[in-house]
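Just so you know, we're using our numbering here: the sequence shown kicks off at 30 and counts up by one.
Every residue, glycine too, gets a C-beta built ideally from N, C-alpha and C.
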Amino acid sequence: MFAVIRTGGKQYKVAQDDVLSVEKLEGEPGDTIEITEVLMVGGEGAPKVGAPLIEGAKVSAEVVGNKRDRKVRIFKKVRRHTYRRTKGHRQHKTQIKITGISA
């Protein structure tokens, strides 16, 4: 059984026991969270597609840990004026493990 969920402005296809990295969510490692923004559930028979969400569908997940993504470098330059600026950014991420899918 699989589901398509929406969290952090992105969509993910998940199944039981998947570990994925999503945008920062509230919770400490070991906490259980429920994601209610389920767009599609499939795997047994015909898939159920929401318009846009499926009523009553939930995906349970356990927070594995919090980390930061790789560094993205921002470089600005104006030619012939000796103007150069470098900045960096590291996005906060949460690793979750999918423990259950209920339609």
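- A straight line joining the alpha-carbon of GLU73 with that of THR36 spans about 24 Å.
- Contact fails between the stretch 72 to 86 and the stretch 105 to 115, because fewer than three Cβ pairs, one in each stretch, are under 8 Å apart.
- Under the three-state reduction of DSSP output, ILE83 falls in the coil class, being neither helix nor strand.
- Around the beta-carbon of TYR112, fewer than 16 other beta-carbon atoms lie within 10 Å, marking it exposed.
- Within its own chain, the residues whose Cβ lies closer than 7 Å to the Cβ of GLY94, once the five positions on either side in sequence are excluded, are PRO58, GLN124, listed in chain order.
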